[in-house]
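Q: Got a structure here, written out as structure tokens. Questions coming.
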Amino acid sequence: MSAVIDNPSHDDHEHHGPTKGIARWLFTTNHKDIGSMYLWFSFAMFLVGGCMALTIRAELFQPGLQLVEPEFFNQMTTMHGLIMVFGAVMPAFVGLANWMIPMMVGAPDMALPRMNNWSFWILPFAFGLLLSTLFMEGGAPNFGWTFYAPLSTTYAPDTVTYFIFGVHMMGISSIMGAINVIATILNMRAPGMTLMKMPLFVWTWLITAFLLIAVMPVLAGVVTMMLMDVHFGTSFFDAAGGGDPVLFQHIFWFFGHPEVYIMILPAFGVVSQIIPTFSRKPLFGYHSMVYAVASIAILSFIVWAHHMFTVGMPLAGELFFMYATMLIAVPTGVKVFNWITTMFRGSLTFEAPMLFSVAFVVLFTIGGFSGLMLAIAPSDFQYHDTYFVVAHFHYVLVPGAIFGIFAAVYYWLPKWCGRMYSEPLAKAHFWLSFIGMNLAFFPMHFLGLAGMPRRIPDYALQFADFNSISSVGAFIFGATQLLFLYLVIKAIRSGEPATDQVWEGAEGLEWTVSSPAPYHTFSTPPEVK
Amino acid sequence: MQNQNTKRTVVKSVFAVVAMFGFGFALVPLYDVFCDITGLNGKTSGPYSEAKAQAQERDESRQVRVQFITQNNESMPWEFKPVDYQVEVHPGEIIEVDFYARNPTSNPMVAQAVPSLSPSEGTDYFHKTECFCFTRQLLKAGEEVLMPLRFVVDEALPDHLGTLTLSYTLFDQTETLDPEELEETTTQAAL
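So the protein lines, in turn, are chains A and B. Per our numbering, the first sequence starts with residue 1, numbered consecutively. Per our numbering, the second sequence starts with residue 1001, numbered consecutively.
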């Protein structure tokens, strides 16, 4: 069991292991190093964005203005959204892709290791640029993470330019990451690893990468248009000059809707790896899973205007986008039923990765259902821009994307560092997160249905009770993440040594290498039968 | 061989990225074309030829109510309103109405009116042969003006459309002109 653990240094020496000190991290082209950096960076951003969320929840704990100015409140909602989407969730999945994809397809590294280094190291600068606006005159961007024009052009603080360049840099980073993933998966698979033998995590990431290269350039385009409207006197979004503010919303959501699948598809992949392992059964309906993910990705391009039902679209448009949106429930339903069927009559155990995965299936489905409610155009006029929307997308992002990431970390951490995490602490992390998250976000459904608008620092008295419950839940969830940090560090430094297979039911190439995974794996490609 | 394949994949991907960046910008004209063809968004089209308007046959059997709404964008200080708030017209009939505008400030100002028609289904049947919205309007300090709009409601207007509402939003465009140009146009207007 521990034979492999005992001589990692010997192993490293033979394989010309990492250089020492800071240079290792600055100049590394190793997919495992870069994956780790992505994961640590995204966790740091998760805490930063989380502090912003807690500022929001503290202010909303009771009606009235007590802690922050409304202007600052708006900066918090904007920055929280931007940081969580672009800084926490997306880099975390890129980190997982870096670590796992080469190991899962039997490749020695990513296809373009130098570009890999570059795409990571852009990120700290991009977010440095974005976060620095908090300390500038006029304050950080305050127009919401969706930065609708003309609010973000005509009425924005001067720091909007920093925001624009920050988004450009994140976009470049994600695009390079996506190209790398595509090049790796298409060209570096071990002999015998045909496309339809690839683990689902690899499949979902391949499709996510295609979404990224399709829509990140559109995001870059829309912020470039903003830049020109703000500084060069064009009128893309200025009605007086012949432009159209509604055009902004169309272009933004053409990016924005595929973007939400970019944040969830890799989590689908993670859960599709974990549930079979802890059910000790192969995944039910592998092919249908692949086709479902592909269908979701394709449909994501023709549903964008469901974010803007109230903008004044003609009836035909409302109907088209309503039906197209509801159509997405079909492949998503296929996935949910396949996960449940995989568990059916399996010999289940509930270690932390499985707990997070099962919670993912249940809670993501709740988020999916509230999404269906929002998809109904006539009733969307009631829900639009209320807390119901906030509840919906937090249900798909927190127990969806974030629980997916937690599950992945627990599942693969023993492979990464060769040591087990503490199961009781992990279970505590799960249950506290589960309770805190539901306490924080479930009451938001009721608030929204009762008519509380989003993005406001103060509210009418009748919303007070649900808001205070929600704030308590948010603080429980937030504090629990420090426990997560502690238990991960504890596992890395002093966890019990892990076996190579780690989990009894685990299958796949990544479990055939020793734990911890040596610095270089699959220098000679494995044979896949 | 693997390297070559990787190179090929990268070239294709970069090409896709560039193409999608271009597509983002292409959405701008595409959006206008789409709105133009479908008449969605209430965007009325540009000048209609006088000759074509004359060629329209007056349909005395039907009457259509055309309403006018005006509003100022944010802090635009001009007084701006239609002289008549609504007119009854026959399809095919050429009508001229006036809008009143006054610049109450002590500076010359330039304004642009942006039209929108409701219901959007009617945009294909509402033709303007002359409109103050086709150009920017310059008013000196305290100056007032009557601005004409000549239009014809198409004889082919569907029967169920009994009322068309034309709304104008007035935008302050003084800043987009540089001061010299403004002075020049002011002196020209004075001549």
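Where is the CB? At the ideal position from N, CA and C, for every residue including glycine.
Considering only C-alpha positions, which residue in the set B:LYS1012, B:THR1009, B:GLU1175 is nearest to GLN1112 (chain B)?
A: Nearest option by C-alpha distance: B:GLU1175.
Q: May I have the straight-line CA-CA distance separating ILE298 (chain A) from PHE163 (chain A), to the nearest angstrom?
A: If I take the Cα positions, the gap works out to 30 Å.
Q: With a CB to CB cut of under 6 Å and the five nearest residues on each side skipped, what residues in its chain are close to GLY87 (chain A)?
A: If we look at GLY87 (chain A) and ignore the five residues flanking it on each side, its Cβ neighbours are MET45, PHE127.
Q: Is the beta carbon of GLN1086 (chain B) closer than 8 Å to that of GLN990 (chain B)?
A: Residue 990 (chain B) falls outside the range modelled here, since chain B spans only 1001 to 1191, and no answer is possible.
Q: Quick one: give me the first and last residue of the beta strand (DSSP E) that HIS1127 (chain B) is part of.
A: Its beta strand (DSSP E) spans residues 1126-1131.
Q: Along chain A, in chain order, which residues have C-beta atoms closer than 7 Å to that of PHE1025 (chain B)?
A: The answer, in chain order, is GLY221.
Q: Which residue comes first and which comes last in the beta strand (DSSP E) that contains THR1169 (chain B)?
A: Unbroken beta strand (DSSP E) run through THR1169 (chain B): 1163-1172.
Q: Put SER36 (chain A) into one of helix, strand or coil per three-state DSSP.
A: SER36 (chain A) falls in the helix class under three-state DSSP.
Q: Check this for me: beta carbons of PHE360 (chain A) and PRO399 (chain A), under 8 Å apart or not?
A: Yes. Within cutoff.
Q: What's the gap between the Cα of MET198 (chain A) and the Cα of TRP40 (chain A)?
A: Answer to the nearest angstrom: the Cα atoms are 27 Å apart.
Q: DSSP state of ARG114 (chain A), grouped into three classes?
A: Note: ARG114 (chain A) maps to helix in three-state DSSP.
Q: With 8 Å set as the bound, which would you pick, yes or no: does the beta-carbon of ASN187 (chain A) sit closer than that to a beta-carbon of chain B?
A: ASN187 (chain A) counts as touching chain B.
Q: Go ahead and label LEU26 (chain A) buried or exposed: buried means 16 or more other beta carbons lie within 10 angstroms of its beta carbon, across all protein chains shown.
A: The residue in question, LEU26 (chain A), is exposed, as its Cβ has fewer than 16 Cβ neighbours within 10 Å.
Q: For ILE489 (chain A) and MET84 (chain A), what's the separation of their Cα atoms in angstroms?
A: Spanning the two alpha carbons is a distance of roughly 22 Å.
Q: If I measure Cβ to Cβ from ALA324 (chain A) and keep anything under 6 Å in the same chain, skipping five residues before and after, which residues do I get?
A: Answer for ALA324 (chain A): ILE302, VAL303, listed in chain order.
Q: From this set, A:PHE463, A:THR146, A:ILE275, A:VAL246, which residue's C-alpha is nearest GLY81 (chain A)'s C-alpha?
A: Among A:PHE463, A:THR146, A:ILE275, A:VAL246, the Cα nearest to that of GLY81 (chain A) is on A:THR146.
Q: If you drop the 5 nearest sequence neighbours on each side, which residues of the same chain put their C-beta closer than 7 Å to that of ALA1141 (chain B)?
A: Result list for ALA1141 (chain B): ASN1103, THR1105, SER1106, ASN1107, PRO1108, in chain order.
Q: According to the neighbour-count rule (16 or more other Cβ atoms, all chains shown, within 10 Å of its Cβ), is PHE1015 (chain B) buried or exposed?
A: Answer is exposed; the Cβ neighbour count stays below 16.
Q: Would ASP1098 (chain B) and VAL1083 (chain B) qualify as a contact pair, given that the criterion is a beta-carbon distance under 8 Å?
A: A contact, by the Cβ cut-off of 8 Å.
Q: Comparing C-alpha positions only, which one of A:LEU374, A:SER422, A:ALA220 sits nearest to PHE252 (chain A)?
A: Per the Cα distances, A:ALA220.
Q: Extract the residue ranges of the alpha helix (DSSP H) inside the region 58-102 of chain A, only unbroken runs of 4 or more that lie entirely within it.
A: With a minimum length of 4 residues, the continuous alpha helix (DSSP H) runs that stay inside the region 58-102 of chain A are 70-82.
Q: Could you tell me which residues DSSP pairs with TYR1100 (chain B) in its beta bridges?
A: DSSP output for TYR1100 (chain B) lists B:LYS1081, B:LEU1146 as bridge partner(s).
Q: Please confirm whether PHE1021 (chain B) has its beta-carbon closer than 8 Å to some beta-carbon of chain A.
A: So yes, PHE1021 (chain B) belongs to the interface.
Q: Considering only residues of the region 168-237 of chain A, which uninterrupted alpha helix (DSSP H) runs meet the minimum length of 4 residues and lie entirely inside it, listed in chain order?
A: Taking only runs of at least 4 residues, the alpha helix (DSSP H) segments lying wholly in the region 168-237 of chain A are 200-231.
Q: From MET216 (chain A) to GLU351 (chain A), what does the alpha carbon distance come to, in whole angstroms?
A: So the alpha carbons of these two residues sit roughly 36 Å apart.
Q: Measure the Cβ-Cβ separation of THR277 (chain A) and GLY505 (chain A) and say whether it is below 8 Å.
A: A contact, by the Cβ cut-off of 8 Å.
Q: Suppose you measure from the CA of HIS10 (chain A) to the CA of PRO108 (chain A); what does that come to, to the nearest Å?
A: Low confidence applies to HIS10 (chain A): its pLDDT is 45, below 50, so where it sits in the model is not reliable, and the reading given next is rough at best. The straight-line gap from Cα to Cα measures roughly 19 Å.
Q: Check whether the region 387-406 of chain A touches the region 352-371 of chain A, taking contact to mean three or more Cβ pairs, one atom from each stretch, closer than 8 Å.
A: Short answer: they touch.
Q: What does the alpha-carbon distance come out to for the pair ASP1159 (chain B) and TYR1168 (chain B)?
A: Looking at the two C-alpha atoms, the distance is approximately 25 Å.
Q: For chain B, check one thing: does any of its Cβ atoms lie closer than 8 Å to the Cβ of ILE179 (chain A)?
A: By this cut-off, ILE179 (chain A) is an interface position.
Q: Alpha carbon to alpha carbon, how far is PHE1021 (chain B) from MET90 (chain A)?
A: Each residue's alpha carbon lies about 20 Å from the other.
Q: Against chain A, with Cβ distances strictly below 8 Å, would THR1123 (chain B) count as a contact?
A: THR1123 (chain B) does not count as touching chain A.
Q: Leaving aside the five residues before and after HIS250 (chain A) along the sequence, list all residues of the same chain whose C-beta is less than 8 Å from its C-beta, in chain order.
A: Around HIS250 (chain A): TRP304, ALA305, MET308.
Q: With distances taken Cα to Cα, identify the nearest neighbour of PHE484 (chain A) among A:LYS281, A:SER523, A:PRO424, A:VAL181.
A: Nearest of A:LYS281, A:SER523, A:PRO424, A:VAL181 to PHE484 (chain A), Cα basis: A:PRO424.
Q: What would DSSP say about THR1070 (chain B), mapped onto helix, strand or coil?
A: Three-state DSSP puts THR1070 (chain B) in a strand.
Q: Rounded to the nearest angstrom, what separates GLN1188 (chain B) and GLN1137 (chain B) at their Cα positions?
A: Residue confidence is low: GLN1188 (chain B) scores 49 on pLDDT, short of 50, so the model does not pin down where it sits. No coordinate-derived value is stated.
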